[in-house]
Amino acid sequence: MSAQGHPDVEARTAQPLCRRVAAGQSSPTEPACHATSGDAFDIAIHVLRQGEMLSAAAGEAGEEVAAVLEGTFTIEAAGESYRLSKGEGIIIPNAEPRRWTCDAGSGRLYRVINRTSLGEQAGAAA
Numbered sequence: 583m584s585a586q587g588h589p590d591v592e593a594r595t596a597q598p599l600c601r602r603v604a605a606g607q608s609s610p611t612e613p614a615c616h617a618t619s620g621d622a623f624d625i626a627i628h629v630l631r632q633g634e635m636l637s638a639a640a641g642e643a644g645e646e647v648a649a650v651l652e653g654t655f656t657i658e659a660a661g662e663s664y665r666l667s668k669g670e671g672i673i674i675p676n677a678e679p680r681r682w683t684c685d686a687g688s689g690r691l692y693r694v695i696n697r698t699s700l701g702e703q704a705g706a707a708a
C-alpha cells in the first residue's frame, strides 16, 4: 500500500521521528554525556573516568536498563552491589536508589531510564 495521500507523510519528511545518540569521546577536562529524551524515556551514553560517579536517590529515577560498553563499573542499586564489565547489563527497578562508579581508567555506559514508570508509581501511591 502506498503512503501517498496519507496526511502524516509531509509531517514525517519535514521532521524526523527518530533521534540519534552518538557514542562520543570525553575530553581531558570533562566527561562526555551524549543524551536525548523522548516522551517517556531518557537515553544517554556516559563517558566517565576512574572514580567518577552517577547517582539517583530513592524515588528520583524510573526503571533503568543499562549496559557497559567499555571499562568496568560498580553499581549499587536497590540495596545490592554488582561489578559489571564490557558486554554486561542490568535492569534496575523503578524508584530504587542507584550509584554507578567507574572502576577502570575510563568507561562508557549506555543507560535508558523510563520516566513514565516513576509517574505511574506516584499515581498508584495516591
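Using the working numbering, the first residue of the sequence shown is number 583, and each one after it goes up by one.
Even for Gly, the Cβ is constructed at its ideal location relative to N, Cα and C.
Looking at the DSSP output, residue 688 shares a beta bridge with 631. Taking 8 Å as the cut-off, the Cβ atoms of residue 690 and residue 653 count as close. Distance from the Cα of residue 627 is smallest, within the candidate group 664, 649, 686, 655, for 649. Look at residue 680 here: in three-state DSSP terms it is strand.
Counting along the chain, the unbroken beta strand (DSSP E) around residue 646 starts and ends at 645-652. With contacts defined as CB atoms closer than 8 Å, residue 659 and residue 695 fail to qualify as a contacting pair.
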